[in-house]
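Order-wise, the sequence lines are chains L and F.
With the numbering used here applied, the first sequence closes on residue 413, and no number is skipped along the way.
With the numbering used here applied, the second sequence closes on residue 1423, and no number is skipped along the way.
Cβ atoms here follow ideal geometry from the backbone N, Cα and C, with glycine treated the same way.
Below is one structure; the comments refer to it alone.
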Amino acid sequence: MTCLKHTLPNGLQLIAECYPDAYTLGMGFFVRAGSRDEPPELAGVSHFLEHMAFKGTPTMTAEEVNLAFDRIGAAYNAFTGEDATVYFAAVLPEFQEAACRLLAELMRPVLPPGEFDREKQVILEEIHMYLDEPPFGADDLCRAKFFADHPLGRSVLGSPASVGAINVERMRAYHQGRYAPNNMVLAAAGRVDFDALVRQAEAFCGAWEPWDVDRMLHPLEPAYGFHLAPKPSATHEYLIQLSEGPSGYSEDRFAAHLSAAVVGDDSGSRLFWEFVDSGLAESASLGFSEHEDAGVFTLVLSCAEELFSDNLKRLRNLICRLESDGITEEELQRAKRKIFTRTVLAGERPRNRLFSLGLRWLLFQSYQSVQEKLRLLEAVTLEDVNRLIQRYPLSCHASVAAGPLEAISTAGA
Amino acid sequence: MISSANHNTLVHRYPNGLILLGEPMPWVESAAFTIAVPAGSGWDPDDRSGLASVTCEMCLRGAGDRDNRRFISDLESLGVEWSESISAFHMRFSGSCAADVLPQALQIFADVLCRARLPQDELENARQGLLQDILSVEDDPADLARRELRRRFFPIPFNRPNEGEADHVRAITWAEVRDHYERHFRPNGTILGVAGKFDWDRLRSQVGDLLADWPSRGAPPVAEKPQTAVVAHIHYPSQQTHIALAYPSVDYDHPQYFEAVGAVGILSGGMSARLFTEIRDKRGLCYSIHASHRVRPRMGAVLCYSGTTAERAQETLNVLIRELIRLKDGVLEEELDRLKSQYRTGLVMHQESTAARSAAVVTDWHLLGRTRSLTEIDQRIRGLTTDALNRFLQENPPRSFTIVTVGPQPLEVPRDVLEAHAA
Chain L
1 MTCLKHTLPN GLQLIAECYP DAYTLGMGFF VRAGSRDEPP ELAGVSHFLE HMAFKGTPTM
61 TAEEVNLAFD RIGAAYNAFT GEDATVYFAA VLPEFQEAAC RLLAELMRPV LPPGEFDREK
121 QVILEEIHMY LDEPPFGADD LCRAKFFADH PLGRSVLGSP ASVGAINVER MRAYHQGRYA
181 PNNMVLAAAG RVDFDALVRQ AEAFCGAWEP WDVDRMLHPL EPAYGFHLAP KPSATHEYLI
241 QLSEGPSGYS EDRFAAHLSA AVVGDDSGSR LFWEFVDSGL AESASLGFSE HEDAGVFTLV
301 LSCAEELFSD NLKRLRNLIC RLESDGITEE ELQRAKRKIF TRTVLAGERP RNRLFSLGLR
361 WLLFQSYQSV QEKLRLLEAV TLEDVNRLIQ RYPLSCHASV AAGPLEAIST AGA
Chain F
1001 MISSANHNTL VHRYPNGLIL LGEPMPWVES AAFTIAVPAG SGWDPDDRSG LASVTCEMCL
1061 RGAGDRDNRR FISDLESLGV EWSESISAFH MRFSGSCAAD VLPQALQIFA DVLCRARLPQ
1121 DELENARQGL LQDILSVEDD PADLARRELR RRFFPIPFNR PNEGEADHVR AITWAEVRDH
1181 YERHFRPNGT ILGVAGKFDW DRLRSQVGDL LADWPSRGAP PVAEKPQTAV VAHIHYPSQQ
1241 THIALAYPSV DYDHPQYFEA VGAVGILSGG MSARLFTEIR DKRGLCYSIH ASHRVRPRMG
1301 AVLCYSGTTA ERAQETLNVL IRELIRLKDG VLEEELDRLK SQYRTGLVMH QESTAARSAA
1361 VVTDWHLLGR TRSLTEIDQR IRGLTTDALN RFLQENPPRS FTIVTVGPQP LEVPRDVLEA
1421 HAA
């Protein structure tokens, strides 16, 4: 495997992990445009724009875009987050050029008004779909509470009202603000012909003019507290709990991932033994995610209504023990082994590397091979993790409970 | 490119009936295994729906000389990623790991098969966890629609919710769990599939050492009873109306199986496929719409799902049914060509995954008594023609729809559709 990089004169950056023995390749445009970049009155525009990218380009109609991707047998899609919008396709090596050309087309959508109105309906359906599923919007609400005025607290989907108010002109202005070639990365992983990729990017993207793009980074000043979001028809109570962690620039992020695995992995973790193995909860887990100016631990727990109050107390005690005693060397070694296995197994399907490769380069201008990542994880000591647990206490959190309960005693929770 | 190593799966049948399948993928450094035990939810007693699920939970709570905690910590220390699942026919245990620890991983799961501890004092924990899983389905109307569709469509008793019914699970005793384990965990009918990097001779002999003494038992009889098509609505205070629809198709062993799968691909095989184009792209009626072909012994089925706000649900259902009925008018050469490209990519990607391959060979053996190599599948897909597909659709047009809707209001299913397309 070799990692190769190149920057076009207009600032578009290319990065690829080339595995000559792979059977397929994954490729994607990673755009530094997400919900954090939206003015509040345009909440949801990044995600809506991601849908509209497939709805007509300077040379293709929406139907032609879909037909062209399907003709080359691509597995393709897109997703939007707080920090980035990603358009990707996995193809056989012989279709590298076609995939690059089609993905590049998506970066210059024409936003036809008829398609815009129809797709707005699809977005509204998507919002309603998530409101029907647990945790019934409590995740968005908890982000808004925790991040307070920080841009990372904005909803990716937006609300029916904010999406309803977006029009073609405002979306176009947003696109013209964020989709500069110097604000995106073209990443690829798998059986990539990199010299050809450079030529293809020059041919399909070389004419795009660059312009200045800003992103304001803010220190996180989290707001703590407990909030209820009653959902009378639900049978379970769903808890979302956010706490602060190190940012994606921090060397502490590896300790944060290991700490999350010890405390809240799907099996064998402290949350697993306390709540899942014991049958006290349907699920309980802790994850860690990195942004440019913040890191976030997300704890989720769902259980029958009548067990919730007692489970909150148990959770409080579990976190209290964690913060007073730390984790053990044995727990750390098992978490390392677990993450190593996952990293190595995922690395066997090279296109799985695409997202971490592209996002890491887009947001942090940093690259780590699988081996380098394993080395950095291995270097984390018990002291590192226990220091992190003290520095970023899970006991300081914003929480939202969605479900049938209309009042909960949270004394000390 | 399909690797030539994918031409033949290695097969060994032990005297006690256990089947070992080996799918060599020498280009990887890992191995994945899938163990299917003939102890799925279809064998639950009528008043104990969920017994298979509780038994599955219990047999992972310690086996051989390992208790619950040591079972998990040993697997984690070895670096084995594992999971378990229940289907109508099987209890499945799957795992992936570095190739060099496969023998230790198989040894731990051999204990699960033959020497599960079934700790009596943990039954309550297992039961409470499962009860919460069962109730959580009630909180997700899309899941609820799919569960209620399966219940009304598939032959009894293979139509049960795999996780079981809450009232039944509350009544399960430890003696019932032990009896279920002793009755249904048997080598005859169990299939162990391994894909990845391994030495076949060594694997065969190791599995023999671990499981050749496992005594075979008679297969418990089960009588299958087909159901007739119905339309049902479940009232639910949701934002969207969730539409789940099923109709019969051919089974996995049928000479026209690939035509049947191709027809579903024309409906739902990509963003240019018919359902996505007509329902989402042209009309903006929904976010989620898809159809898939499913196989079971002696039957195939097409399952469709869409979720859409209540006031647009009727139109969504109408367009969905119209597209299903329109299939018999034929498919176009270009549609089939696109589909073939997608399958080609899908097969090559499938070959990159040891976990997917080990699961696929086990399913093949269960349904066919042999495996289909990727080369064979590739040839069958390349050989599909519009003539063959259209002949299949004329002989087997979508009909006999079972429809379940979950939402604030019931939908009208056009009477002529039900009458004209009844079986």
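Exposed or buried, what is residue i when buried is set at 16 or more other beta-carbons lying within 10 Å of its beta-carbon?
i	result
Lys-338 of chain L	buried
Ala-161 of chain L	exposed
Gly-1129 of chain F	buried
Val-109 of chain L	Reading off the sequence, residue 109 of chain L comes out as Pro, not Val. Pro-109 of chain L comes out buried.
Gly-412 of chain L	The predicted position of Gly-412 of chain L is uncertain, since its pLDDT is 46 and thus under 50; no value can be drawn from it.
Tyr-188 of chain L	It should be noted that the sequence gives Ala, not Tyr, for residue 188 of chain L. With 16 or more other Cβ atoms within 10 Å, it is buried.
Asp-1167 of chain F	exposed
Leu-376 of chain L	exposed
Gly-1218 of chain F	exposed
Asp-1337 of chain F	exposed
Glu-330 of chain L	exposed
Ala-1423 of chain F	Here the model assigns Ala-1423 of chain F a pLDDT of 47, short of 50, so the residue's position is not dependable and the matter cannot be decided.
Phe-1154 of chain F	buried
Against chain L, does residue i count as a neighbour if the rule is that its beta carbon must be under 8 Å from one of theirs?
i	result
Asn-1125 of chain F	yes
Thr-1309 of chain F	yes
Pro-1161 of chain F	no
Met-1271 of chain F	yes
Tyr-1305 of chain F	no
Thr-1173 of chain F	no
Gln-1239 of chain F	yes
Which one of the options has the shortest CA to CA distance from residue i?
i	options	result
Ser-1443 of chain F	F:Leu-1018, F:Leu-1060, F:Ser-1094, F:Ala-1098	Residue coverage of chain F in this structure runs from 1001 to 1423, which leaves residue 1443 of chain F outside it and unanswerable.
Asp-214 of chain L	L:Gln-176, L:Gly-26, L:Phe-116, L:Arg-316	L:Gln-176
Phe-29 of chain L	L:Asn-10, L:Ser-324, L:Ala-104, L:Ala-68	L:Ala-104
Asn-317 of chain L	L:Phe-340, L:Val-263, L:Arg-349, L:Phe-254	L:Val-263
Phe-88 of chain L	L:Asp-21, L:Gly-164, L:Leu-102, L:Glu-94	L:Leu-102
Ala-1327 of chain F	F:Leu-1275, F:Val-1348, F:Met-1299	Going by the sequence as given, residue 1327 of chain F is Leu instead of Ala. Among F:Leu-1275, F:Val-1348, F:Met-1299, the Cα nearest to that of Leu-1327 of chain F belongs to F:Leu-1275.
Val-1230 of chain F	F:Arg-1150, F:Phe-1093, F:Ala-1219	F:Arg-1150
Pro-1297 of chain F	F:Val-1404, F:Val-1011, F:Phe-1089, F:Ser-1136	F:Phe-1089
Tyr-1305 of chain F	F:Ser-1272, F:Leu-1332, F:Gln-1256, F:Phe-1401	F:Phe-1401
Arg-1415 of chain F	F:Ile-1321, F:Asp-1201, F:Gly-1346, F:Glu-1122	F:Ile-1321
His-397 of chain L	L:Ile-15, L:Gly-287, L:Phe-146	L:Phe-146
Leu-362 of chain L	L:Lys-373, L:Ala-84, L:Ile-166	L:Ala-84
Leu-1324 of chain F	F:Val-1302, F:Val-1406, F:Glu-1334	F:Val-1302
Answer yes or no: does any C-beta atom of chain F fall closer than 8 Å to that of residue i?
i	result
Thr-341 of chain L	yes
Lys-373 of chain L	no
Arg-334 of chain L	yes
Lys-313 of chain L	no
Thr-80 of chain L	no
Ile-72 of chain L	yes
Thr-235 of chain L	yes
Asn-183 of chain L	no
Glu-282 of chain L	yes
Cys-100 of chain L	no
Quick check on DSSP: helix, strand or coil for residue i?
i	result
Ala-413 of chain L	For Ala-413 of chain L, the predicted model reports a pLDDT of 46, less than 50, meaning its position is unreliable and no value from the coordinates is stated.
Asp-1213 of chain F	coil
Ala-84 of chain L	coil
Leu-1303 of chain F	strand
Phe-1475 of chain F	Nothing can be reported for residue 1475 of chain F: it is not among the residues displayed for chain F, which extend from 1001 to 1423.
Asn-77 of chain L	strand
His-397 of chain L	coil
Met-27 of chain L	strand
Trp-1082 of chain F	strand
His-1090 of chain F	coil
Thr-1173 of chain F	coil
Ala-62 of chain L	helix
Lys-373 of chain L	helix
Ala-1356 of chain F	helix
Arg-1069 of chain F	helix
Residues of the stretch 1090 to 1118 of chain F with Cβ closer than 8 Å to any Cβ of chain L, in chain order: Residues Ser-1096, Cys-1097, Ala-1098.
Below 7 Å between beta carbons is the criterion; list the residues of the stretch 114 to 135 of chain L that meet it against any residue of chain F, in chain order. From the stretch 114 to 135 of chain L, only Arg-118, Glu-119, Gln-121, Val-122, Glu-125, Glu-126, His-128, Met-129, Leu-131, Asp-132, Glu-133, Pro-134 have a Cβ closer than 7 Å to chain F.
Relative to chain L, which residues along the stretch 1278 to 1294 of chain F have a C-beta separation below 9 Å, given in chain order? Residues passing the 9 Å Cβ filter: Arg-1280, Asp-1281, Lys-1282, Arg-1283, Gly-1284, Leu-1285, Cys-1286, Tyr-1287, Ser-1288.
Note down, in chain order, all residues in the stretch 1349 to 1376 of chain F with a beta-carbon under 7 Å from any beta-carbon belonging to chain L. Met-1349, Gln-1351, Glu-1352, Ser-1353
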